[in-house]
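Q: Before I ask anything, here is the structure I am working with.
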Amino acid sequence: MTSYKTPISALVLIHTVDLQVLIMERADKIGFWQSVTGSVEGDETPLQAAIREVHEETGLDASKYNLQDWHASNIYEIYPHWRHRYAPNVTQNTEHLFGLELPAPLAIKFAEDEHVRYEWVDWREAATRVFSWTNIDALKKLGEMHQLKL
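Quick note, the numbering used here runs 123 ahead of the 1-based positions in the sequence shown.
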């Protein structure tokens, strides 16, 4: 039996108070940078998937920091080179957005089968480097939310 990915995922922007953002370069697509992201597994909620993915991709325990459900989502077309991971005829994914605020940039232990390196960069720079339009929009939303707090 083939196990397909669920077309529901979590995107987590890991950032500091001053909006330094963690971005990671994908192992399967060199030059493709992104935030933490991953599909819901089994009967997980998007929030549970966010917590699990943060741990799997960074080694961080999201429960020790300020994890926020942004109560926002995007529906996007799954890139053709990744569609084989989903059931036949599944072409769209619903991605739920989260923020994880840390007190300062931390060293992370990334999953080597998923990422080859990471950097902490200003949110504006991150928005110029990530490949996904949903990741870019989430970074802009982070910047806007920060401006509203000032």
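Glycine residues also receive a C-beta, built at the ideal position from the N, C-alpha and C atoms. As the structure is a computational prediction, the values presented were derived from the model and not from experiment.
Rounding to the nearest angstrom, what Cα-Cα distance links residue 146 and residue 191 in this structure?
A: 18 Å
Q: Check whether the stretch 169-188 and the stretch 254-262 touch, using three or more Cβ-Cβ pairs below 8 Å as the test.
A: no
Q: Thinking residue 269 and residue 142 are a contact (beta carbons under 8 Å), I'd like their distance in whole angstroms, please.
A: 6 Å
Q: Within the same chain, show all residues whose beta-carbon is closer than 7 Å to that of residue 227, passing over the 5 residues directly before and after it, in chain order.
A: 139
Q: Can you find the residues in the same chain that come closer than 6 Å, C-beta to C-beta, to residue 183, ignoring five residues on each side of it along the sequence?
A: 177
Q: Between residue 222 and residue 136, how many whole angstroms is the CB-CB distance? I'm expecting something under 8 Å.
A: 5 Å
Q: Threshold first: 3 residues or longer. Then list the beta strand (DSSP E) segments lying entirely within the stretch 129-196, N to C.
A: 131-139, 143-149, 159-162
Q: Measuring alpha carbon to alpha carbon, tell me which residue in 167, 130, 180 is nearest residue 157.
A: 180
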